[in-house]
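Participant: To start, I am sharing the structure in question, which I have written as structure tokens.
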Amino acid sequence: MWYEKFKRWLKRIRRWLLRRQQQRSSSPEILRRWYGKWCAIFQIRRETEGEIATIRIACFTAPDYLLTLDDLSEVETEIFGQFNGATIRLKPFSYTLPSHTHRFAVFRVWADGDCSPIGIWDTNLEYTGASAALNKIAPRRAVAAIAFHTMKLRARREEQWRAQIEALNWTELLQDKLAKELNNPYHRINAKIIYLHKKSF
1 MWYEKFKRWL KRIRRWLLRR QQQRSSSPEI LRRWYGKWCA IFQIRRETEG
51 EIATIRIACF TAPDYLLTLD DLSEVETEIF GQFNGATIRL KPFSYTLPSH
101 THRFAVFRVW ADGDCSPIGI WDTNLEYTGA SAALNKIAPR RAVAAIAFHT
151 MKLRARREEQ WRAQIEALNW TELLQDKLAK ELNNPYHRIN AKIIYLHKKS
201 F
């Protein structure tokens, strides 16, 4: 059951990327953009269930990098049925606080719209002592901070810059950036590896 839900989530991401590539006239809405020496960063809107943040790091040469963050409770919803043309979804119910709240993923994205995951993790990005508003915005800002970190990496050539990106510890970065956003150095994201591909392209 868990693996089937994961496959559906990954399929939605891939389908969204391919649709954007095939239908260039309906390219994703760019919310914000920033430009650096070796890349441009685009904060974009992704029309998939549970989407919290989607950031594309567009490079001079392929591949690009895509950072995604999703609400895990939305990702794990099950379709219950239809009512008056509307889809009814049921969220998983738990008597305890969830140990993981968000799915964080990093992909390589190729020119044809295909993608390959570098890493996918289920994480705890909410702090029980924080306000609901802070718990909502902090994960999104933390992912944006990771993208800015890649832009600021120093290198004389693009190959050197890309090698640094390929060597990044993404969950360590997320831990650091989220702690700063929550103003709580003791919070732990408890990242659970869902998929990890260490081989460089």
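Residues in the sequence shown are numbered from 1 upward in steps of one, following the working numbering.
Even glycine gets a Cβ: it sits at the ideal position worked out from N, Cα and C.
Values in this document were obtained by computation on a predicted structure and should not be read as measured data.
1. Are the segment 58 to 66 and the segment 107 to 116 touching by the rule of at least three beta carbon pairs closer than 8 Å?
2. Can you check which of these residues, R8, F60, G50, W9, is closest to W161 by C-alpha distance?
3. Which whole runs of the alpha helix (DSSP H) in the segment 148 to 193 are 4 residues long or more, in chain order?
4. In three-state DSSP terms, what is E76?
5. Measure from the alpha carbon of I13 to the alpha carbon of each residue in L69, L196, A191, K136, then state which is nearest.
6. Within its chain, find whatever has a CB closer than 6 Å to the CB of R32; leave out the 5 residues flanking it on each side and keep chain order.
7. On the criterion of 16 or more Cβ atoms from any shown chain inside 10 Å, does E76 qualify as buried, or is it exposed?
8. For F107, does the three-state DSSP call read helix, strand or coil?
9. Would you tell me roughly how many angstroms separate the C-alpha atoms of T96 and L72, rounded to the nearest one?
10. In three-state DSSP terms, what is T54?
11. Can you have a look at G50 and say buried or exposed, based on whether 16 or more other CB atoms are within 10 angstroms of its CB?
12. Whole angstroms is fine: what's the gap from K5's alpha carbon to N135's?
13. What did DSSP end up calling L67 once you bin it into helix, strand or coil?
14. Can you tell me which of K7, K192, Y3 puts its alpha carbon nearest to the alpha carbon of H102?
Facilitator: This is what the structure holds:
1. yes
2. Distances from the CA of W161 to each of R8, F60, G50, W9 were compared; the closest alpha carbon is that of F60.
3. 158 to 166, 170 to 182
4. Look at E76 here: in three-state DSSP terms it is coil, with no helix or strand label.
5. L69
6. Cβ neighbours of R32 beyond the five flanking positions: Q43.
7. buried
8. In the structure shown, F107 sits in a strand (DSSP, three-state: E or B).
9. Annotation note: pLDDT 42 at T96 (below 50); position unreliable, coordinate value reported separately. Taking the straight line joining both Cα atoms gives about 15 Å.
10. strand
11. buried
12. 25 Å
13. strand
14. K192
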